[in-house]
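Chemist: Have a look at the structure that comes next, please.
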Amino acid sequence: MYAQQVDTGSKGLKSLDDMSPEERHFQEKVDAEVRIEPKNWMPDGYRKTLIRQISQHAHSEIVGMLPEGNWLTRAPSLKRKLQLMAKIQDEAGHGLYLYSAMETLGADRDEEIEKLHRGEVKFSSIFTYPTLSWADMGAIGWLVDGAAIVNQVPLQRCSYGPYARAMIRVCKEESFHQRQGYEILLTMMREGTDEQKEMVQDAINRFWWPSLMMFGPSDTNSPNSAQSMAWKIKRHSNDELRQRFLDQTVPQLEFLGCTAPDPDLKWNEETGHYDFGEINWQEFFDVLKGHSPCGIERIQQRKKAIDDGQWVRDAAVAYAEKQKANDAA
Amino acid sequence: MKNDQALIEYLLRLADTDMVLAQRFCEWCGNAPALEEEMAMLNAGLDLIGQARNWYDYAAELLDDGRDADHLAFRRNEREYRNLLIAEQPRGDYAVTTVKQFFFDVWHHLVLTRLTESSDERIAGIAAKALKEVTYHRRRSTEWMLRLGQGTDESHRRLADAVENLWRFTYELADTDDVEDQLAEAGIGAGNVGDAWRAEVARVFAEAGLELPEPARHFYMDGKNGKHTEHLGFLLAEMQYLPRAYPDATW
């Protein structure tokens with residue numbers, strides 16, 4: 001998932017008895033796994049939380065095109081170029097349907113994008129990292145899309161209908177991207193030169209920890225989780241999902257013949273899970289606050305695209321209005 | 001020139017033009033004026049690279065010298081590239097991209113339509129598939145010509161500037177050389193589509209409120225024979241960087 005630390009505005013969970021009749025009815029529907037649809041009554045906090053989460057998710061899809069776009073003009077073969085173009089195109093599509101899902105809650109796409117450009121809302125920390133070699137295209141597909149899938153699969157059962165349905169399509173496409181990313185790395189490891197193998201290991205070294213950070217702060221430091229879980233926007237804790245991702249990823253890492261930059265990573269017979277080292281939370285919170293490798297450049301590029309395109313959009317609007325006037329005449 | 005030799009040249013021209021234009025579309029990634037345009041350009045780029053691959057594959061078979069489609073795309077330099085000059089011009093603003101694409105799409109559509117009748121079945125097959133995609137490309141760039149032409153004063157001015165800057169390269173779309181004439185006579189190539197091209201461009205210009213210039217005249221440059229503007233070298237340097245830096249690599 002591409003939403004981290006979404007503020008729910010909640011200062012503690014209410015019991016059903018403390019709720020207004022409307023709120024209680026809403027919560028009972030959620031508890032009974034009945035989907036909430038755009039025209040249904042919903043608490044203001046629920047609506048605002050979803051707008052924050054879905055817009056952050058949509059922004060992340062769009063900003064996430066940039067680190068890959070960085071290698072699009074340098075993709076090394078016809079096949080790889082076609083794959084990367086198609087992947088980026090899918091991401092633009094994900095952004096569009098997420099913005100549409102968000103608009104069902106009464107938010108406006110252009111306004112939310114302006115907030116992003118003003119630095120008032122976030123996008124996923126992962127996309128502030130630079131892409132420094134072609135192997136990064138593989139590592140992003142495998143690790144970043146992989147982490148996103150683990151986060152998004154439960155969102156297919158999110159209590160808000162339009163978001164849940166958007167996730168079904170997004171997950172399908174991202175599973176495909178993940179396999180493609182892994183295949184990029186596998187090809188380089190199996191058929192590549194020593195230099196290419198070094199590229200792969202270097203990419204994994206750089207993207208390993210940032211991928212684990214995608215799941216957000218640890219449960220002990222995640223003040224908004226309880227409310228999101230009560231609303232069934234969120235189904236599992238950050239640490240649970242992080243562990244699930246790690247457990248499925250380590251065997252794939254070994255199959256590649258690569259290592260993780262974590263000396264504490266090892267299989268734990270007792271728990272049936274992999275143990276891993278401490279995440280550098282300082283780096284995570286720094287990145288979220290904007291002290292990040294490429295966060296400034298990412299936003300500058302997006303802002304410039306939209307600012308430079310103003311005259312184009314103005315022309316399209318003016319033309320459409322003239323057409324309408326002609327049709328009416 | 002033998003027909004086979006001429007055919008290889010012809011296929012490379014088609015392939016290289018597709019490839020170079022797609023590369024210019026890739027440059028728009030993350031920079032388009034709207035998300036919908038981002039998707040549309042990637043989509044057209046995907047079509048063009050798919051087509052380029054088909055033409056390269058065929059050229060590689062005829063060449064039969066061990067080079068494959070990737071080698072032809074990523075290991076030939078600017079003097080060996082055979083793309084039309086219009087394709088390699090920098091993407092500029094959205095008006096420049098629109099005009100470039102429009103000039104090319106009209107030509108491309110005419111050429112592919114004729115190629116579906118080629119006596120070479122392989123060419124006819126590739127062209128038939130490509131024609132479906134290019135019919136949409138032409139519709140899209142025509143619509144943008146009208147939007148920008150009739151939109152606002154600024155969009156009209158930018159569009160007119162783009163035409164003024166790019167028109168000089170259009171002689172390659174309206175004229176043919178020996179290779180093209182020879183293949184047309186053999187029933188293989190599309191031949192000269194200049195008249196139909198000019199007629200369609202004139203129609204859209206009139207609707208967009210643009211003045212149609214006199215036909216562009218050939219000058220020193222000749223993209224079809226590897227004499228390019230200075231822009232192509234940089235485009236290829238970027239596009240071919242990995243295969244050239246790591247010649248033994250498998251990607």
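Same order as they appear, the protein sequences are chains A and B. Residue numbering for the first sequence follows full-length UniProt numbering, starting at 1 and increasing by one per position. Residue numbering for the second sequence follows full-length UniProt numbering, starting at 1 and increasing by one per position. Idealized CB from N, CA, C, for every residue including glycine.
1. Can you list, in chain order, the residues of its chain whose CB lies under 8 Å from that of B/Arg217, leaving out five sequence neighbours each side?
2. Jot down the residue ranges of each uninterrupted beta strand (DSSP E) in the region 84 to 119 of chain B, minimum 3 residues, whole runs only, in chain order.
3. Within 7 Å (strictly less), CB to CB, does A/Pro76 reach chain B?
4. Can you grab the Cα-Cα spacing for the pair B/Ala106 / B/Val201, in whole Å?
5. Check the Cβ-Cβ distances between A/Glu240 and every residue of chain B, and say whether any is below 7 Å.
6. Would you please state the rounded distance, in angstroms, between the beta carbons of A/Gly257 and A/Ala203? I believe it to be under 8 Å.
7. CA-CA distance, A/Leu288 and A/Ile62?
8. Relative to the alpha-carbon of B/Gly187, which residue among B/Glu117, B/Val204, B/Asp178 has its alpha-carbon at the smallest distance?
9. With a threshold of 7 Å on Cβ separation, who are the neighbours of A/Lys197 within its own chain once the five nearest residues in sequence on each side are excluded?
10. Put A/Lys232 into one of helix, strand or coil per three-state DSSP.
11. Could you round the C-beta distance between A/Met199 and A/Ser124 to whole angstroms and report it? I think they count as a contact, below 8 Å.
12. Assuming B/Gly191 and B/Ala199 form a contact by the criterion Cβ under 8 Å, report the distance between their Cβ atoms to the nearest whole angstrom.
13. Strictly under 7 Å for the Cβ-Cβ distance: is A/Gly69 near chain B by that measure?
14. Enumerate in chain order the residues of its own chain whose CB-to-CB distance from A/Gln4 is below 6 Å, with the five nearest sequence positions on each side excluded.
15. A/Lys29 lies in the alpha helix (DSSP H); which residues open and close that run?
16. Please list, in chain order, all residues of the same chain as A/Tyr46 whose beta carbon is under 7 Å from its beta carbon, the five residues on each side excluded.
17. By Cβ distance below 7 Å, which residues in the same chain neighbour A/Met1 in space, the five residues on each side in sequence not counted?
18. State the CB to CB distance for the pair B/Arg122 and B/Leu12, rounded to an integer number of angstroms; the pair is presumed to be in contact (CB under 8 Å).
19. Comparing alpha-carbon positions, which option in B/Ala59, B/Leu63, B/Pro90 lies nearest B/Trp236?
20. With a Cβ-Cβ cutoff of 7 Å, do A/Pro119 and A/Gln178 count as a contact?
21. Can you tell me where the alpha helix (DSSP H) with A/Tyr319 in it begins and where it stops?
22. Hey, would you say A/Glu91 sits closer than 7 Å to A/Gly69, going by beta carbons?
23. Let me see if you follow: with CB-CB separation under 7 Å, is B/Asn54 close to chain A or not?
24. So with CB distances below 9 Å, who are the chain B contacts of A/Gln196?
25. For A/Glu270 and B/Ile126, I'd like the C-alpha separation in whole angstroms.
26. Would you say B/Thr152 faces chain A, with C-beta separation under 7 Å as the test?
27. Select from A/Glu22, A/Ser222, A/Asp31 the residue whose C-alpha is nearest the C-alpha of A/Asn40.
28. Using a Cβ-Cβ distance under 7 Å, would B/Glu61 count as near chain A?
29. Helix, strand or coil for B/Asp175? Go by DSSP, reduced to three states.
30. Assign A/His59 to buried or exposed, taking buried as 16 or more other Cβ atoms, counted over all protein chains shown, within 10 Å of its Cβ.
31. I'd like to know whether the C-beta of B/Ser141 is nearer than 7 Å to at least one C-beta of chain A.
32. If we ignore side chains and look at the alpha-carbon of each, how far apart do A/Lys115 and A/Ser100 end up?
33. So, with DSSP's three-state summary, where would you put B/Tyr246?
34. I think A/Pro210 touches A/Ile126, with their Cβ atoms under 8 Å apart; what is that distance to the nearest whole Å?
35. Helix, strand or coil for B/Asp222 per DSSP?
Modeler: With the structure as the only source:
1. As a position in the second sequence, residue 217 of chain B is number 217, starting the count at 1. For B/Arg217, the CB contacts under 8 Å within the same chain, skipping 5 residues up- and downstream, are Tyr171 in chain order.
2. none
3. Here residue 76 of chain A corresponds to residue number 76 of the first sequence, with the count starting at 1. Judged by the 7 Å Cβ criterion, A/Pro76 is in contact with chain B.
4. Position 106 of the second sequence holds residue 106 of chain B. Position 201 of the second sequence holds residue 201 of chain B. What sits at residue 106 of chain B in the sequence shown is Val, not Ala. Using only the alpha carbons, I get a separation of about 8 Å.
5. Mapped onto the first sequence, residue 240 of chain A falls at position 240. False, the Cβ-Cβ gap to chain B never drops below 7 Å.
6. The residue given as residue 257 of chain A occupies position 257 in the first sequence. The residue given as residue 203 of chain A occupies position 203 in the first sequence. So it is not a contact: roughly 14 Å between Cβ atoms.
7. The sequence position of residue 288 of chain A within the first sequence is 288, counting from 1. The sequence position of residue 62 of chain A within the first sequence is 62, counting from 1. Approximately 17 Å between the Cα atoms of the pair.
8. Walking along the second sequence from the start, residue 187 of chain B turns up at place 187. When each option's Cα is compared against that of B/Gly187, the closest is B/Glu117.
9. As a working note, residue 197 of chain A is residue 197 in the first sequence. Excluding positions up to five away in sequence, the list reads Met188, Met189.
10. As a working note, residue 232 of chain A is residue 232 in the first sequence. Reduced to three states, the DSSP call for A/Lys232 is coil.
11. Numbered from 1 along the first sequence, position 199 holds the residue referred to as residue 199 of chain A. Numbered from 1 along the first sequence, position 124 holds the residue referred to as residue 124 of chain A. About 24 Å; that fails the 8 Å criterion.
12. Here residue 191 of chain B refers to the residue found at position 191 when the second sequence is read from its first residue. Here residue 199 of chain B refers to the residue found at position 199 when the second sequence is read from its first residue. Contact doesn't hold; Cβ gap of about 16 Å is too wide.
13. Taking the first sequence and counting its residues from 1, the one referred to as residue 69 of chain A is at position 69. By this cut-off, A/Gly69 is an interface position.
14. Translated into the one-based positions of the first sequence, residue 4 of chain A becomes position 4. Excluding residues up to 5 positions away in sequence, Gly216 lie with their Cβ nearer than 6 Å to the Cβ of A/Gln4 in the same chain.
15. The count along the first sequence starts at 1 and reaches residue 29 of chain A at position 29. Start and end: 21 to 31.
16. Translated into the one-based positions of the first sequence, residue 46 of chain A becomes position 46. Within the same chain, and ignoring the five residues on either side of A/Tyr46 in sequence, the residues whose Cβ sits closer than 7 Å to its Cβ are Trp231.
17. As a first step, residue 1 of chain A must be located in the first sequence, where it is residue number 1. Any reading at A/Met1 must be qualified, since the residue scores a pLDDT of 49, below 50, and its modelled position is unreliable; the value itself is stated next. The answer, listed in chain order, is His57, Ala148, Asn151, Gln152, Leu155.
18. Mapped onto the second sequence, residue 122 of chain B falls at position 122. Mapped onto the second sequence, residue 12 of chain B falls at position 12. Going by Cβ atoms, the distance from B/Arg122 to B/Leu12 rounds to 15 Å, so no, they are not a contact pair.
19. Locating residue 236 of chain B in the second sequence gives position 236, counting from the first residue. Reading off the sequence shown, one finds Leu at residue 236 of chain B, where the question assumed Trp. When each option's Cα is compared against that of B/Leu236, the closest is B/Pro90.
20. Looking up residue 119 of chain A in the first sequence gives position 119. Looking up residue 178 of chain A in the first sequence gives position 178. Here the sequence assigns Gly to residue 119 of chain A, which means Pro is not the residue at that position. Not closer than 7 Å, so no.
21. For the purposes of this step, residue 319 of chain A is taken as residue 319 along the first sequence, with counting starting at 1. Segment 310 to 328, the alpha helix (DSSP H) holding A/Tyr319.
22. Taking the first residue of the first sequence as 1, we reach residue 91 of chain A at position 91. Taking the first residue of the first sequence as 1, we reach residue 69 of chain A at position 69. No, these two residues do not count as a Cβ contact at 7 Å.
23. Looking up residue 54 of chain B in the second sequence gives position 54. So no, B/Asn54 is outside the interface.
24. As a first step, residue 196 of chain A is located in the first sequence; it is residue number 196 there, counting from the start. Ordered by position in chain B, the residues that pass the 9 Å Cβ test against A/Gln196 are Tyr246, Ala249, Thr250, Trp251.
25. In the first sequence, counting from the first residue as 1, residue 270 of chain A sits at position 270. In the second sequence, counting from the first residue as 1, residue 126 of chain B sits at position 126. Note on geometry: alpha-carbon atoms of A/Glu270 and B/Ile126 lie some 60 Å from one another.
26. Within the second sequence, residue 152 of chain B is the residue found at index 152, counting from 1. B/Thr152 counts as touching chain A.
27. As a position in the first sequence, residue 40 of chain A is number 40, starting the count at 1. Relative to the Cα of A/Asn40, the nearest Cα in the group A/Glu22, A/Ser222, A/Asp31 belongs to A/Glu22.
28. Along the second sequence, one-based indexing puts residue 61 of chain B at 61. No, its Cβ sits nowhere closer than 7 Å to a Cβ of chain A.
29. Counting from one through the second sequence, the residue named residue 175 of chain B turns up at place 175. In the structure shown, B/Asp175 sits in coil (DSSP, three-state: anything other than H, G, I, E or B).
30. Translated into the one-based positions of the first sequence, residue 59 of chain A becomes position 59. When all chains shown are included, A/His59 counts as buried.
31. As a position in the second sequence, residue 141 of chain B is number 141, starting the count at 1. No, its Cβ sits nowhere closer than 7 Å to a Cβ of chain A.
32. Against the first sequence, residue 115 of chain A aligns to sequence position 115. Against the first sequence, residue 100 of chain A aligns to sequence position 100. For the pair A/Lys115 and A/Ser100, the Cα-to-Cα distance works out to about 17 Å.
33. By one-based count along the second sequence, residue 246 of chain B stands at place 246. Note: B/Tyr246 maps to coil in three-state DSSP.
34. Residue 210 of chain A sits at position 210 when you count from the first residue of the first sequence. Residue 126 of chain A sits at position 126 when you count from the first residue of the first sequence. A/Pro210 to A/Ile126, Cβ: 5 Å. Contact.
35. As a first step, residue 222 of chain B must be located in the second sequence, where it is residue number 222. DSSP places B/Asp222 in strand when its eight states are reduced to three.
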